[in-house]
């Protein structure tokens with residue numbers, strides 16, 4: 001039987017619908033980009049997050065995800081009416097999307113924080129700064145991780 | 156627990172100084188399993204406040220993504236001579252403190 005146009009269209013629609021179905025894979029030990037966005041929305045609410053002003057210093061390639069040096073700095077005069085209130089760092093694929101929240105104030109002098117973090121996989125790290133006027137600024141970096149952290153077996 | 160604090164001993168009034176603090180802690184993520192499949196319970200430091208003559212000047216909320224033996228570096232303006240007090244607060248009632256003094260001229 002020759003395929004009619006109607007049959008072809010319904011078939012094509014079915015394939016398209018299947019193609020857009022969310023692929024549900026259960027990976028409880030890995031945050032997803034959706035969790036990353038959720039964590040960011042928890043922080044900023046409905047406010048827009050602009051790109052810029054924040055600088056994230058982190059090696060683009062790390063051999064050992066167990067200890068990755070990271071420095072976040074923000075372009076801000078740090079005066080009483082124009083300063084950084086807090087810096088928040090998130091990741092995409094660790095078991096949990098949060099890395100750390102750092103609370104500063106005008107007396108911090110320089111809006112810069114350094115620490116060492118764990119990365120479970122090759123992924124994106126996002127740093128968001130909240131300024132005293134409650135605007136949010138972000139920057140992200142892609143990091144390639146050779147040896148993953150977090151979920152390895154204990155010896 | 157042992158802590159390593161690095162604060163300049165002396166500073167001029169108004170200088171921006173760097174403070175570095177390192178403490179020894181396993182920072183067990185709570186996501187690891189032993190070889191026989193048991194989950195290793197989480198044991199991390201969750202909060203790190205720093206006070207300068209009693210007033211909080213910096214605080215960090217830490218998550219399992221912070222590496223073992225958490226290291227933090229941050230800045231503050233040297234306002235007056237006095238004492239910096241550091242506290243590490245964590246799971247299972249963990250608490251540890253350290254302090255350092257500064258002379259401001």
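Chains as they are written, first to last, in the working numbering: chain A, 1 to 155; chain B, 156 to 260. Quick reminder that beta carbons are idealized off the backbone N, C-alpha and C, glycines included.
Could you pull the start and end residues of the alpha helix (DSSP H) that residue i belongs to?
i	result
residue 34/A	33-44
Does residue i come within less than 8 Å of chain A when only Cβ atoms are used?
i	result
residue 215/B	yes
residue 220/B	yes
residue 252/B	no
residue 171/B	yes
residue 166/B	no
What does residue i reach in chain A if we use C-beta pairs closer than 7 Å?
i	result
residue 226/B	115, 116
residue 231/B	107, 108, 109
How about residue i: is its C-beta nearer than 8 Å to some C-beta of chain B?
i	result
residue 128/A	no
residue 79/A	no
residue 123/A	no
residue 25/A	Confidence at residue 25/A is low in this model, with a pLDDT of 40, below 50, so the placement of that residue is unreliable and no value is reported for it.
Can you give me the start and stop residues for the beta strand (DSSP E) that residue i sits inside?
i	result
residue 173/B	171-178
residue 50/A	49-51
residue 229/B	226-232
residue 212/B	210-217
residue 203/B	200-207
residue 57/A	54-57
residue 161/B	158-161
residue 186/B	Per DSSP, residue 186/B belongs to no beta strand (DSSP E) and is neither H nor E.
residue 96/A	Note, residue 96/A: premise wrong, no beta strand (DSSP E); not H, not E.
residue 242/B	237-245
residue 258/B	250-259
residue 61/A	61-64
residue 116/A	112-117
Can you pull the chain B neighbours of residue i, defined as C-beta to C-beta under 7 Å?
i	result
residue 67/A	222
Within a Cβ cutoff of 6 Å, which residues of the same chain sit near residue i, ignoring the five residues on either side of it in sequence?
i	result
residue 124/A	92, 140, 142
residue 129/A	54, 74, 84, 87, 137
residue 170/B	233
residue 28/A	Interpretation of residue 28/A is limited by its pLDDT of 45, a score under 50 that renders its predicted location unreliable; no figure is taken from the coordinates.
residue 68/A	62, 117, 119
residue 237/B	208
Would you mind telling me which residues of chain A sit closer than 9 Å to residue i, beta carbon to beta carbon, in chain order?
i	result
residue 212/B	104, 105, 107, 108
Starting from the C-beta of residue i, find all residues in its chain whose C-beta is less than 7 Å away, skip the five residues before and the five after it, and write them out in chain order.
i	result
residue 66/A	118, 149
residue 163/B	172, 257
residue 64/A	147
Can you list, in chain order, the residues of its chain with a C-beta nearer than 8 Å to that of residue i? Leave out the 5 residues immediately preceding and following it.
i	result
residue 189/B	195
residue 157/B	178, 179
residue 168/B	233, 234, 235, 259, 260
Can residue i be considered in contact with the ligand PLP, in the sense that its beta carbon sits closer than 7 Å to one or more heavy atoms?
i	result
residue 108/A	This structure lacks the ligand PLP; in fact it carries no ligand of any kind.
Handout entry: Residues from the stretch 33-64 of chain A in contact with chain B, defined by Cβ distance under 9 Å
Key = Listed by position along the chain: nothing, the set is empty.
Problem - Residues, ordered as in the chain, of the stretch 84-104 of chain A that lie near chain B by beta-carbon distance below 7 Å - result: 91, 94, 95, 96, 98, 99, 100, 101, 102, 103, 104
Problem - Contact list for the stretch 128-149 of chain A against chain B, Cβ threshold 9 Å - result: Flagged, chain order: 149.
Practice task
Could you name the residues of the stretch 175-194 of chain B whose beta carbon sits closer than 7 Å to any beta carbon of chain A, in the order they occur along the chain?
Solution key: 184, 186, 187, 188, 189, 190
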